[in-house]
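Okay, so here's the structure we're looking at.
Here you go:
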C-alpha cells in the first residue's frame with residue numbers, strides 16, 4: 001500500500017472551511033484514498049473514501065486531483081467538535097492487511 | 001448497534017503480572033486487529049487475524065500474544081507486561097467481503113505497567 005504525507009498540524013477558524021491536504025504520489029491505480037479522524041484518545045472514526053472522483057457525504061468532501069497524487073479533505077463549516085487528528089490512508093479496498101495510519105494532521109478549530 | 005467492545009478501558013498493573021485485554025465485535029467481521037498508540041508514533045499494528053484460527057504478526061508483536069477461537073472475539077494477551085508496554089490500545093475489525101473495507105475501532109484501552 002502507498003504511503004501518505006500530511007502536515008503535522010493546522011488551525012482553522014470556527015465556521016470556516018477546513019482544507020486538509022494529503023500527498024500520495026506513489027498511489028497505484030486501484031488504491032482508494034480513505035480519511036479517518038481521531039478525537040482526543042477515542043478510536044479512529046471513518047470519514048470518507050474515494051477512488052478517482054470527488055466524493056461528498058454528510059461529514060465532509062474529498063477532492064482527488066486528476067493524477068491522483070494528492071487529495072484534500074474539506075470540512076465545509078468547521079466546529080469546535082472537529083478538533084481532532086485526521087489520517088489520510090491509501091490502500092486497496094477489502095484486500096490485504098495494513099492500514100498505515102501514520103501520525104496524521106492535528107486540526108485545531110479556533111473559536 | 002454495530003460496535004467493537006474492549007475491556008478493560010483502563011488498567012494499571014505491575015511488571016510481570018499477566019493480563020488480557022478482550023475485544024468483541026458484533027458485525028460478523030472476518031478481520032480483526034490490534035493497534036497500540038504512543039505519542040509521536042501514531043497507530044502501530046500489533047497482531048491481526050484474517051479469520052478464525054488465523055493470526056499473524058503486525059509491526060510490533062514482541063511481548064504480545066493473541067488468539068482467535070471465535071469469530072467475534074480477539075483477545076490481546078500480555079504474558080509478562082513490562083513498562084514499555086504502557087500505551088493506548090485499540091482493537092479494530094472490518095469485513096473482508098463486500099463494502100469497501102472500512103475499519104471499525106473500539107474505544108481504546110489505556111494500560112499502565114508500573
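Protein chains in written order, with the numbering used here: chain A, 1 to 111; chain B, 1 to 114. A virtual CB, placed ideally from N, CA and C, is assigned to each residue, including glycine.
{"Item": "Residues of its chain near residue 96(B), where Cβ-Cβ distance is below 6 Å and the 5 sequence neighbours each way are ignored", "Value": "30 and 31"}
{"Item": "C-alpha distance - residue 78(B) paired with residue 53(B), whole-angstrom precision", "Value": "19 Å"}
{"Item": "Residues in the segment 15-44 of chain B having any Cβ partner in chain A nearer than 9 Å", "Value": "31, 33, 35, 37, 40, 41, 42, 43 and 44"}
{"Item": "Residue nearest to residue 2(B) in terms of C-alpha spacing, selected from 26(B), 18(B) and 41(B)", "Value": "26(B)"}
{"Item": "Where residue 38(B) sits in the DSSP three-state scheme", "Value": "strand"}
{"Item": "Neighbour flag for residue 103(B) against chain A, beta carbons, 8 Å", "Value": "yes"}
{"Item": "Sequence-distant residues of the same chain with beta carbon closer than 8 Å to residue 68(B), five excluded per side", "Value": "32, 49, 51, 52, 53, 54, 55 and 74"}
{"Item": "Distance between residue 70(A) and residue 51(A) (C-alpha atoms, nearest Å)", "Value": "12 Å"}
{"Item": "8 Å Cβ shell around residue 66(A) - same chain, five flanking residues per side excluded", "Value": "none"}
{"Item": "Residue(s) in a DSSP beta bridge with residue 56(B)", "Value": "48(B)"}
{"Item": "Cα-Cα separation, residue 19(A) to residue 62(B)", "Value": "38 Å"}
{"Item": "Where residue 73(B) sits in the DSSP three-state scheme", "Value": "strand"}
{"Item": "Residue span of the beta strand (DSSP E) that contains residue 79(B), given as start and end", "Value": "Where residue 79(B) is concerned, there is no enclosing beta strand (DSSP E), given that its DSSP letter is neither H nor E."}
{"Item": "Residue from 99(A), 88(A), 110(A) and 5(A) with nearest C-alpha to residue 77(A)", "Value": "110(A)"}
{"Item": "Contact set between residue 74(B) and chain A, taken where Cβ atoms lie within less than 9 Å", "Value": "Those within 9 Å of residue 74(B) in chain A number zero; the least Cβ separation is about 14 Å."}
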